[in-house]
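> For our numbering, count along the sequence shown from 1 and bump the result up by 244.
For every residue, glycine included, the Cβ atom is placed at its ideal position computed from N, Cα and C.
Before I ask anything, here is the structure I am working with.
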Amino acid sequence: SDHSLDYPSSPQNINWATHYPAYANTEKLPEFADVGCGFGGLLITLAPLFPDTLMLGMEIRVQVSQYVQDRISALRVTTTSDDSSPHYQNVSIVRANAMKFLPNYFTKHSLSSLFFLFPDPHFKSRKHKARIISPTLLAEYAYALRPGGIVYTITDVKDLHEWMKSHLEAFPLFESVDEEALRAEGKGLIIDAVYTSTEEGKKVERNGGDKWFAGFRRIEVARQ
Ligand code: SAM
Numbered sequence: 245s246d247h248s249l250d251y252p253s254s255p256q257n258i259n260w261a262t263h264y265p266a267y268a269n270t271e272k273l274p275e276f277a278d279v280g281c282g283f284g285g286l287l288i289t290l291a292p293l294f295p296d297t298l299m300l301g302m303e304i305r306v307q308v309s310q311y312v313q314d315r316i317s318a319l320r321v322t323t324t325s326d327d328s329s330p331h332y333q334n335v336s337i338v339r340a341n342a343m344k345f346l347p348n349y350f351t352k353h354s355l356s357s358l359f360f361l362f363p364d365p366h367f368k369s370r371k372h373k374a375r376i377i378s379p380t381l382l383a384e385y386a387y388a389l390r391p392g393g394i395v396y397t398i399t400d401v402k403d404l405h406e407w408m409k410s411h412l413e414a415f416p417l418f419e420s421v422d423e424e425a426l427r428a429e430g431k432g433l434i435i436d437a438v439y440t441s442t443e444e445g446k447k448v449e450r451n452g453g454d455k456w457f458a459g460f461r462r463i464e465v466a467r468q
């Protein structure tokens, strides 16, 4: 359930050292957030590629989030690197309803990347309000993202792609950035992971489905 007792009252009340023990003596906060991370494929792919960046997945299903937690724990124990630097210490997960409690986890302008990968489509129009991209929620996402930060979206449902794109484009604090431009500024590794690393993305691939990608930059000053 969403009982508020299950949630930190603010990001300042989170003991990040329990999530990232190897970074306990630093001031670091999560910079990548994967909303509805499912089985964790994205962050587990990105963690070794960006070893200095803390990453947090949010997943509402209890068993799925527990699975991801176990997966991360196992990787921390079993993986070693040549220089004996810690592995997978920069990735963690919370069981949370991101649509209600995202601001409880992320302070203002703390995120550089926010991911919505293959979100639940909620096909019927009376269920569209359940979609994870909506004007109210975009204000929260803009608050958590730093200016210059990027929202990455991908889906195999064209109608949902168009919905997310139109809402993000209409919101004064986001502007569309095309894939080529993002790759040109060094986001290629992230975009490749967005397309191929998640469990849902792999399923779409097996079934020969399409993938609709869109990226958006959190701009500094609201457009008129
Ligand atoms: N992003 C993952 C992937 O690409 O493999 C999972 C995609 S799956 C279709 C959507 C996920 O979002 C599910 O695991 C679901 O439990 C989760 N989810 C749905 N609503 C959520 C919410 N309000 N907060 C957090 N997670 C949510």
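Assign residue 265 to buried or exposed, taking buried as 16 or more other Cβ atoms, counted over all protein chains shown, within 10 Å of its Cβ.
One-based indexing of the sequence shown puts residue 265 at position 21. So residue 265 counts as exposed.
> On a Cα-Cα basis, can you pick out the residue from 300, 385 and 468 that is closest to residue 416?
Position 172 of the sequence shown, counted from the first residue, corresponds to residue 416. Comparing Cα positions, the closest option is 468.
> If I'm right that residue 388 touches residue 347 with Cβ under 8 Å, what's the distance once you round it to whole angstroms?
Reading the sequence shown from its first residue, position 144 is the one you call residue 388. Reading the sequence shown from its first residue, position 103 is the one you call residue 347. Residue 388 to residue 347, Cβ: 7 Å. Contact.
> Any heavy atom of the ligand SAM inside 8 Å of the beta-carbon of residue 255?
By 1-based counting over the sequence shown, the position of residue 255 is 11. The answer is no for residue 255.
> So, do the stretch 449–461 and the stretch 390–406 have three or more beta carbon pairs nearer to each other than 8 Å?
With three or more CB-CB distances shorter than 8 Å, the stretch 449–461 counts as touching the stretch 390–406.
> Which whole runs of the alpha helix (DSSP H) in the stretch 272–337 are 4 residues long or more, in chain order?
285–290 and 306–322
> Taking C-beta to C-beta, are residue 316 and residue 338 nearer than 9 Å?
Counting from 1 along the sequence shown, the entry for residue 316 is found at position 72. Counting from 1 along the sequence shown, the entry for residue 338 is found at position 94. It is not a contact, given that the beta carbons lie outside the stated cut-off.
> Could you tell me which uninterrupted alpha helix (DSSP H) segments, each at least 4 residues in length, are contained entirely in the stretch 364–444, listed from first to last along the chain?
379–388, 402–414, 423–426 and 432–440
> Kindly give me the distance between the Cβ atoms of residue 301 and residue 287, rounded to whole angstroms, as I take these residues to be in contact under 8 Å.
Locating residue 301 in the sequence shown gives position 57, where the first residue counts as 1. Locating residue 287 in the sequence shown gives position 43, where the first residue counts as 1. Cβ atoms of residue 301 and residue 287 come within 8 Å of each other, at about 5 Å.
> Considering Cα atoms alone, identify which of 290, 452 and 447 is closest to residue 357.
Looking up residue 357 in the sequence shown gives position 113. Ranking the options by Cα distance to residue 357, first place goes to 290.
> Looking only at its chain, what residues have a beta carbon closer than 6 Å to the beta carbon of residue 404, apart from the 5 residues adjacent to it on each side?
Start at 1 with the first residue of the sequence shown, and residue 404 comes out as number 160. So the list reads 365, once near-sequence residues are dropped.
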